[in-house]
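Engineer:
There are 2 protein chains.
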Amino acid sequence: MQLTLSTNKLSETTEDAAVIEQLARQLKVLGEPNRLRIVQLLREGVQCNCELGDALEMAPNLISHHLRILREVGLVEVERDAVDARWIYYSLNRAALKELTALFGAFFDPARIKERHPSCGPQGSVVRTDEILVVT
Amino acid sequence: MQLTLSTNKLSETTEDAAVIEQLARQLKVLGEPNRLRIVQLLREGVQCNCELGDALEMAPNLISHHLRILREVGLVEVERDAVDARWIYYSLNRAALKELTALFGAFFDPARIKERHPSCGPQGSVVRTDEILVVT
DNA sequence: TAATTAGTTCAACAATCATTGATCTATTAG
DNA sequence: CTAATAGATCAATGATTGTTGAACTAATTA
Chain A
14 MQLTLSTNKL SETTEDAAVI EQLARQLKVL GEPNRLRIVQ LLREGVQCNC ELGDALEMAP
74 NLISHHLRIL REVGLVEVER DAVDARWIYY SLNRAALKEL TALFGAFFDP ARIKERHPSC
134 GPQGSVVRTD EILVVT
Chain B
14 MQLTLSTNKL SETTEDAAVI EQLARQLKVL GEPNRLRIVQ LLREGVQCNC ELGDALEMAP
74 NLISHHLRIL REVGLVEVER DAVDARWIYY SLNRAALKEL TALFGAFFDP ARIKERHPSC
134 GPQGSVVRTD EILVVT
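Protein chains in written order, with my numbering: chain A, 14 to 149; chain B, 14 to 149.
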């Protein structure tokens, strides 16, 4: 899938919707502390299930579970050792991360946030009143 | 909180852990399709509850719920209309987004992924065998 | 062949969370 | 004072999902 954000209004409802859903799926996967720690370890070059489990003090089956989820959204790849095929190595998918960081940077770029142009309300002047609403 | 990733090994266990947890919390919030759609609308300048609800075909209380969650992680800010205080306007927190995009870009930068240096396994040659593991 | 090893898969449980409908608050209009 | 408006809060529900322990596969070793 080509992951770019449309700048024209035309394809906004169809194309962008798919991009947003794909982005949401990946961010949801990354929005889990243990998975984010796994990604951090993979960045450092750690790669087999046991190493990850040792570093994070997690059971192998749980590591396996999170790696599967990371794989399902294309962020992680798998290799088997050519000498001893019992060992399986995991690594980050560089192409996927390149695409993701580009999309993320574009989507959340503060510079691209447009000014308010309300289509409802009295359209009166607005006064900043942060923290008026109580948040527990 | 200062959100930068340590490059030295020293503070990796303490400082980075907090950064990763904060990052995970924000990504988790953004990893929800409807919230991501709300963010997209806020990027376009749409801001009041009713506008968001109309655009997304969601009930006001649900919009309210998601906006609260976006606020709790600092991504969204609130203003009240100075003329008619019944109207509440939501907007993206530019500073928070700037910090987030910088951290995200650094954390997931493909160029910073280190090569494998396994501390376990037979350390034999590795052959690429993608999709060996069945994923349903 | 039998025993280890590395890792996955499965079933069950508990916690989290998005959604819904109803109620409540605050503000403005009549 | 009495609606009406904009929106938040509350309680309940159903689905999703992280975690756990046990069983299972596949590969290697003795």
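Where is the CB? At the ideal position from N, CA and C, for every residue including glycine.
No experiment lies behind these values; they were computed from the predicted model shown.
Give me, in chain order, the residues of the same chain whose beta-carbon lies closer than 8 Å to that of residue 101 of chain A; leave out the 5 immediate sequence neighbours on both sides.
Structural biologist: So the list reads 61, 62, 91, 92, 93, 94, once near-sequence residues are dropped.
Engineer: Return the residue from the list B:31, B:122, B:110, B:119 that minimises the CA-CA distance to residue 84 of chain B.
Structural biologist: Nearest C-alpha to residue 84 of chain B: B:110.
Engineer: Can you list the alpha helix (DSSP H) stretches of 4 or more residues lying completely in the region 57–135 of chain A, in chain order?
Structural biologist: Runs of the alpha helix (DSSP H) inside the region 57–135 of chain A: 62–69, 73–85, 107–120.
Engineer: Can you grab the Cα-Cα spacing for the pair residue 122 of chain B / residue 126 of chain A, in whole Å?
Structural biologist: Roughly 23 Å separates the two Cα atoms.
Engineer: Run through DSSP, which three-state label would residue 140 of chain A get?
Structural biologist: Model confidence at residue 140 of chain A stands at a pLDDT of 49, short of 50, so the residue's coordinates are unreliable and nothing is read from them.
Engineer: State yes or no: is the C-beta of residue 80 of chain A within less than 7 Å of the C-beta of residue 106 of chain A?
Structural biologist: Cβ atoms of residue 80 of chain A and residue 106 of chain A: not closer than 7 Å.
Engineer: Is DSSP giving residue 48 of chain B helix, strand or coil here?
Structural biologist: Residue 48 of chain B falls in the helix class under three-state DSSP.
Engineer: Residue 126 of chain B versus chain A: which residues are under 7 Å apart at the beta carbon?
Structural biologist: Within chain A, the residues near residue 126 of chain B are 56, 105, 107.
Engineer: Taking residue 135 of chain B as the reference, which of A:117, A:128, A:97, A:116 has the closest Cα?
Structural biologist: When each option's Cα is compared against that of residue 135 of chain B, the closest is A:97.
Engineer: Which bits of chain B does residue 89 of chain A rub up against, with CB to CB less than 8 Å?
Structural biologist: The premise fails here: residue 89 of chain A is roughly 11 Å from chain B at the closest Cβ pair, so nothing lies under 8 Å.
Engineer: Could you check whether residue 57 of chain A and residue 133 of chain B sit closer than 7 Å to each other, using their CB atoms as the reference points?
Structural biologist: Cβ distance not < 7 Å, so residue 133 of chain B and residue 57 of chain A don't count as in contact.
Engineer: Round the Cβ separation of residue 43 of chain B and residue 113 of chain A to the nearest angstrom and send it over; I've been treating them as touching at under 8 Å.
Structural biologist: Between residue 113 of chain A and residue 43 of chain B the Cβ distance is about 12 Å, and since that is not below 8 Å, they are no contact.
Engineer: Compare the C-beta of residue 35 of chain A against all C-beta atoms of chain B and say whether one is closer than 7 Å.
Structural biologist: So no, residue 35 of chain A is outside the interface.
Engineer: List the residues of chain B whose Cβ lies closer than 8 Å to the Cβ of residue 134 of chain A, in chain order.
Structural biologist: Chain B residues near residue 134 of chain A: 61, 94, 97, 100, 102.
Engineer: Does residue 70 of chain A have its Cβ less than 7 Å from a Cβ in chain B?
Structural biologist: By this cut-off, residue 70 of chain A is not an interface position.
Engineer: Using a Cβ-Cβ distance under 7 Å, would residue 130 of chain A count as near chain B?
Structural biologist: Output row for residue 130 of chain A: interface = yes.
Engineer: Give the straight-line distance between the Cα atoms of residue 116 of chain A and residue 37 of chain A, rounded to the nearest whole angstrom.
Structural biologist: One C-alpha to the other measures close to 11 Å.
Engineer: Does the Cβ-Cβ distance between residue 69 of chain A and residue 50 of chain A come in under 7 Å?
Structural biologist: In this structure, residue 50 of chain A lies closer than 7 Å to residue 69 of chain A by Cβ.
Engineer: What's the call for residue 75 of chain B, buried or exposed, on a 16-neighbour Cβ count within 10 Å?
Structural biologist: With fewer than 16 Cβ atoms within 10 Å of its Cβ, residue 75 of chain B is classed as exposed.
Engineer: Check whether chain B comes within 7 Å of residue 14 of chain A, counting only Cβ atoms and requiring the distance to be less than that.
Structural biologist: Confidence in residue 14 of chain A is poor, its pLDDT being 49 and thus under 50, which makes the residue's placement unreliable; the coordinate value appears in the next sentence. By this cut-off, residue 14 of chain A is not an interface position.
Engineer: Do residue 46 of chain B and residue 128 of chain A count as a contact pair if the criterion is CB distance below 7 Å?
Structural biologist: No.
Engineer: Please tell me whether residue 112 of chain B has its Cβ less than 7 Å away from any Cβ of chain A.
Structural biologist: It does not: the Cβ of residue 112 of chain B has no partner Cβ on chain A nearer than 7 Å.
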